[in-house]
Ligand SMILES: [Zn+2]
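Residue numbers (the working numbering): 383 to 1058.
Here it is as structure tokens:
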């Protein structure tokens, strides 16, 4: 009886989960659903100077930072045993917050590393420095990381990967798209300024502007041989197995054996992956023929650039003026406490995460989430059966893959041990270096060993979720299990529209244009019939075309209009499309079982609440600079397009909102993407 009474009472107490203040009812849902569903939110959350983009995700991330700060503050107020994790958290936070000492120390913490670089004389010295810098997680020229063997995903092997561009992406160096010309000029200014601040011009006897142009020349050369973002999305093209002997033939001036020995991963190594062979051929040539002073300038710059955020304010500000303002359109830097909180989070994420879930994550959320995930997996199974474009053989393989997906919710069962990390009261940057070395050793220690499937790739306090194809797992950290994604006090229709679609999105990644190339064990394998693969590609092209047609900016910074990149964002857009379909079906299943309120709530049907909740996740304001940067670099479409470009392909959306031919949100049924 108690159970009944509580149950009934609870049901009447549930809200719709739709905040009516977030709507803009002056807009038409059939013409601009994004504005209708999120216009109120956007008006009441104007961008502040600190952000170039601010949306539901950022709102939660900001709340999170406050919670993390509360945790750090209470840890700092305790009487901590020297060397305990609490002591490490408190010490790192306090040293980062000590602005007086940071100003006094100036470039001093950087000096030993610059001295070391300035003293290099021979090519042997240069190579030895590459190893040292890599061990400090400063990946000049290239990087080596531990990743799954794509033919045997249970095994972790070494991956050599392109790296070492201060602008991050080759296109900034090589094309005049968008604002790239100004960005290159700004980058040279930044280098010039910081070489002088660090005193490297004095040390090397070369003028700062000259050093900057030497670095720019070398990075441009490297950029020319690097893969594009699109090429790096190709799971086959980026997997190229080599033995050390074979690698020596490809790139003879890289001492592979010496490298792996120094990194302590030679033992047990049979083969490893070179993700971009063409690039490593060029790195080999660079090591042999690039001017030694230029290589030294390049190393010095990367040392300065990676230290700048942890030094005195002149470095921090110069760094922000370029990366924060010019590149992403933010007006002012985040306050110090937020920056330092992020640093502590980056250095000891799982330790903070452990404290975070103890304080902020309710156990009921995990239980309810488990049920939702099960319902979503059932619905994806039904959708696979319903697909008219797939043969039974491929469907069977898809079911097999679906049934073996590993689900992670909230937080890991075991936590990382930070006892080997030394945090001292010397300088902020010295601690960052020790932390980087600690993380590198940890990462390297996994190579040539079985993959640990229990390990998490995100901390619980991260507002995000992921699918990992090589472990065939989905993961939902604690921090995403709160409104507007997941509302324990709301009727399920809204939850299916928000967190349900997030779950469906991650599940669909297992079957998107990349994920479909992996089998249930995470191995790169073709489990498709030729006809099904062709149908998939043709159907996916509908989504590519839809996004390619979207004009993001009238002027992308170079006088030309900027269009969305349908190919770059394809995997994410397939995941959104599939996620909505799957979660909608799961909601209908729940509705049939009486698990949600079939009546109108706040004037909306369950189906309408579903789509309002979906859109609410993407409520955001954004500056043009950020639109440009994200369109060029991000594999996700812009938030507004994840609503207004994605929904016309969803027939259930048209039905729920009575969208008619002629409305802007309308799309003829035969033009809608048919995938999952
Ligand atoms: Zn995704």
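Don't be surprised by glycine CBs; every beta carbon is placed ideally from N, CA and C.
Quiz item: Going by DSSP, which residues form a beta bridge with residue 623?
Solution: Here the question's residue 623 lines up with position 241 in the chain shown. Assignment of beta-bridge partners to residue 623 by DSSP yields 655.
Quiz item: Which whole-angstrom value is the C-beta distance of residue 519 and residue 642, which I expect to be below 8 Å?
Solution: Counted from its first residue, the chain shown places residue 519 at position 137. Counted from its first residue, the chain shown places residue 642 at position 260. Actually they are not in contact, since the Cβ atoms of residue 519 and residue 642 sit about 17 Å apart, beyond 8 Å.
Quiz item: Along the chain, where does the alpha helix (DSSP H) that runs through residue 1011 open and close?
Solution: As a working mapping, residue 1011 is identified with position 629 in the chain shown. Where residue 1011 is concerned, the enclosing alpha helix (DSSP H) stretches over 1006-1015.
Self-check item: Beta carbon of residue 730 nearer than 8 Å to that of residue 964
Solution: Walking along the chain shown from the start, residue 730 turns up at place 348. Walking along the chain shown from the start, residue 964 turns up at place 582. Cβ atoms of residue 730 and residue 964: not closer than 8 Å.
Practice problem: Using 7 Å as the cut-off, classify the Cβ of residue 872 as near or not near the heavy atoms of ligand 1, replying yes or no. | Solution: The count along the chain shown starts at 1 and reaches residue 872 at position 490. Checking the Cβ of residue 872 against ligand 1 gives no.
Quiz item: Closer than 7 Å: is that where the CB of residue 445 sits relative to any heavy atom of ligand 1?
Solution: As a working note, residue 445 is residue 63 in the chain shown. For ligand 1, not one heavy atom lies less than 7 Å from the Cβ of residue 445.
Quiz item: Would you say residue 855 touches ligand 1, meaning its beta carbon is less than 7 Å from a heavy atom?
Solution: Counting from one through the chain shown, the residue named residue 855 turns up at place 473. Checking every heavy atom of ligand 1 against the Cβ of residue 855, none is found closer than 7 Å.
Self-check item: Identity of the residue in 792, 655 and 837 nearest residue 845 by Cα
Solution: Residue 845 sits at position 463 when you count from the first residue of the chain shown. Checked all of 792, 655 and 837; the closest Cα to residue 845 is 792.
Quiz item: What residues come near ligand 1, if near means a beta carbon less than 6 Å from any of its heavy atoms?
Solution: Look at which beta carbons fall closer than 6 Å to any heavy atom of ligand 1; those residues are 887, 891, 954 and 957.
Exercise. Can you say whether residue 1047 is buried or exposed, counting buried as having 16 or more other CB atoms within 10 angstroms of its CB?
Key: The residue you call residue 1047 lines up with position 665 of the chain shown. By the neighbour-count rule (16 or more Cβ atoms within 10 Å), residue 1047 is buried.
Quiz item: Per DSSP, which one or two residues make a beta bridge with residue 1039?
Solution: Here residue 1039 is taken as the residue at index 657 of the chain shown, counted from 1. Per DSSP, residue 1039 has no beta-bridge partner at all.
Quiz item: Which of the three DSSP states, helix, strand or coil, is assigned to residue 1003?
Solution: Here residue 1003 corresponds to residue number 621 of the chain shown, with the count starting at 1. In this structure, residue 1003 counts as strand in the three-state DSSP scheme.
Self-check item: Counterpart residues of residue 352 in DSSP-defined beta bridges
Solution: Outside the displayed range of the chain (383 to 1058) lies residue 352, so it cannot be described from this structure.
Quiz item: Among the residues of its own chain, which have a CB less than 7 Å from the CB of residue 871, if the five just before and after it don't count?
Solution: For the purposes of this step, residue 871 is identified with residue 489 of the chain shown, where counting begins at 1. The residues are 396 and 397.
Self-check item: Nearest-angstrom Cα separation, counted from residue 492 out to residue 819
Solution: Locating residue 819 in the chain shown gives position 437, where the first residue counts as 1. Locating residue 492 in the chain shown gives position 110, where the first residue counts as 1. Approximately 16 Å between the Cα atoms of the pair.
Quiz item: Which ranges does the alpha helix (DSSP H) cover as unbroken runs of at least 4 residues, wholly within the segment 706-788, from first to last along the chain?
Solution: Taken in chain order, the whole alpha helix (DSSP H) runs of length 4 or more contained in the segment 706-788 are 718-729, 731-742, 745-768 and 774-785.
Quiz item: Can you name, in chain order, every residue of its own chain whose Cβ lies under 7 Å from the Cβ of residue 670, other than the five neighbours on each side?
Solution: Taking the first residue of the chain shown as position 1, residue 670 is located at position 288. These residues qualify, in order along the chain: 635.
Quiz item: How close, in whole Å, do the beta carbons of residue 935 and residue 1009 come, if the pair is a contact with beta carbons under 8 Å?
Solution: Reading the chain shown from its first residue, position 553 is the one you call residue 935. Reading the chain shown from its first residue, position 627 is the one you call residue 1009. Correct: roughly 6 Å between the Cβ atoms.
Quiz prompt | Where residue 597 falls, given that 16 or more other Cβ within 10 Å makes a residue buried | solution = Locating residue 597 in the chain shown gives position 215, counting from the first residue. Classification for residue 597: buried.
Practice problem: Assuming residue 339 contacts residue 832 (C-beta within less than 8 Å), just tell me the rounded distance between them. | Solution: For the chain, the structure presents residues 383 to 1058; residue 339 sits outside this window and is missing.
Practice problem: May I ask you to list the residues that DSSP assigns as paired with residue 945? | Solution: The residue given as residue 945 occupies position 563 in the chain shown. In the DSSP output, where bridge partners are listed per residue, residue 945 has 933.
Quiz item: So what's residue 529 in DSSP terms, helix, strand or just coil?
Solution: Indexing the chain shown from 1 puts residue 529 at position 147. Look at residue 529 here: in three-state DSSP terms it is strand.
Quiz item: Are the segment 1021-1033 and the segment 923-934 touching, with three or more C-beta to C-beta distances below 8 Å?
Solution: Verdict: yes, contact present.
Practice problem: Count the other C-beta atoms from every protein chain shown that fall within 10 angstroms of the C-beta of residue 587, then say buried if there are 16 or more, exposed otherwise. | Solution: If you number the chain shown from 1, residue 587 lands on position 205. It counts as exposed.
Self-check item: Under 8 Å between C-beta atoms of residue 680 and residue 600
Solution: Your numbering for residue 680 matches position 298 in the chain shown. Your numbering for residue 600 matches position 218 in the chain shown. In terms of Cβ geometry, residue 680 and residue 600 form a close pair [threshold 8 Å].
Quiz item: Would you say the segment 875-886 touches the segment 979-997, given that touching needs at least three Cβ pairs under 8 Å?
Solution: The segment 875-886 makes contact with the segment 979-997, as at least three CB pairs between them are under 8 Å.
Exercise. Would you tell me roughly how many angstroms separate the C-alpha atoms of residue 769 and residue 795, rounded to the nearest one?
Key: For the purposes of this step, residue 769 is taken as the residue at position 387 of the chain shown. For the purposes of this step, residue 795 is taken as the residue at position 413 of the chain shown. Annotation: residue 769 to residue 795 spans about 37 Å, alpha carbon to alpha carbon.
Quiz prompt | C-beta atoms of residue 967 and residue 761 nearer than 8 Å | solution = Translated into the one-based positions of the chain shown, residue 967 becomes position 585. Translated into the one-based positions of the chain shown, residue 761 becomes position 379. In contact: residue 967 and residue 761 (Cβ atoms closer than 8 Å).
Quiz item: What are the start and end residues of the beta strand (DSSP E) that includes residue 535?
Solution: Residue numbering aside, residue 535 sits at position 153 when the chain shown is read from its first letter. The continuous beta strand (DSSP E) containing residue 535 extends over residues 534-544.
Quiz item: Anyone know if the C-beta pair for residue 884 and residue 847 falls short of 8 Å?
Solution: The residue you call residue 884 lines up with position 502 of the chain shown. The residue you call residue 847 lines up with position 465 of the chain shown. Result yes, Cβ atoms of residue 884 and residue 847 sit closer than 8 Å.
Quiz item: In whole angstroms, what separates the C-alpha of residue 962 from that of residue 1032?
Solution: The sequence position of residue 962 within the chain shown is 580, counting from 1. The sequence position of residue 1032 within the chain shown is 650, counting from 1. Residue 962 and residue 1032: Cα-Cα distance of roughly 8 Å.
Quiz item: With 16 as the cutoff for other CB atoms within 10 Å, does residue 384 come out buried or exposed?
Solution: Here residue 384 refers to the residue found at position 2 when the chain shown is read from its first residue. A caution first: residue 384 carries a pLDDT of 42, below 50, which makes its placement in the model too unreliable to give a value.
Quiz item: Do you know whose CA, among 687, 645, 569 and 484, lies nearest residue 495's CA?
Solution: Your numbering for residue 495 matches position 113 in the chain shown. The option with the nearest alpha carbon to residue 495 is 687.
Quiz prompt | Per-residue DSSP class, three states only, for residue 523 | solution = Position 141 of the chain shown, counted from the start, is the residue given in the question as residue 523. In the structure shown, residue 523 sits in coil (DSSP, three-state: anything other than H, G, I, E or B).
Quiz item: If we ignore side chains and look at the alpha-carbon of each, how far apart do residue 924 and residue 656 end up?
Solution: Residue numbering aside, residue 924 sits at position 542 when the chain shown is read from its first letter. Residue numbering aside, residue 656 sits at position 274 when the chain shown is read from its first letter. Residue 924 and residue 656: Cα-Cα distance of roughly 33 Å.
Self-check item: Presumed contact (8 Å Cβ cut-off) between residue 410 and residue 418, rounded CB distance
Solution: Within the chain shown, residue 410 is the residue found at index 28, counting from 1. Within the chain shown, residue 418 is the residue found at index 36, counting from 1. At roughly 6 Å, the Cβ-Cβ gap stays under 8 Å, so residue 410 and residue 418 are in contact.
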